[in-house]
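Numbering (the numbering used here), first residue to last: 3 to 105.
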């Protein structure tokens, strides 16, 4: 347990811990969903995060929505020179409310 707490604290101090979701309203029925977190730019990450994008779109729009395919829009390293860096990725998708067809 102490080892896990130490590892979590080091990741948090380096800026590599956790993930951040942002929602930006594009119009009355469209939202841009953005994910920023640790990870690599690969297809498995897109597939793994697709359900989380779907869940957020459903929360915003109810049952009738369409969601664009999540796209990796940025990647790189983040952290500090003192504690080290970790890979980070930014992904975006657009949720459109009121439509059951896909984009």
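We put the CB at the ideal spot given by N, CA and C, even for glycine. These figures come from a predicted structure and were not determined experimentally.
Below 8 Å between beta carbons: does that hold for residue i and residue j?
i, j, result
"residue 94", "residue 75", "yes"
"residue 96", "residue 45", "no"
"residue 54", "residue 67", "no"
"residue 87", "residue 69", "no"
Here's the rule I'm using: 16 or more other beta-carbon atoms within 10 Å means buried, otherwise exposed. How should residue i be labelled?
i, result
"residue 39", "buried"
"residue 41", "buried"
"residue 28", "exposed"
"residue 30", "exposed"
"residue 21", "exposed"
Taking the alpha carbon of residue i as the point to measure from, which residue in the options has its own alpha carbon closest?
i, options, result
"residue 65", "98, 79, 36 and 27", "98"
Just list the residues that DSSP pairs residue i with in beta bridges.
i, result
"residue 89", "79"
Am I right that residue i and residue j are in contact with their C-beta atoms under 8 Å? What's the rounded C-beta distance?
i, j, result
"residue 79", "residue 89", "6 Å"
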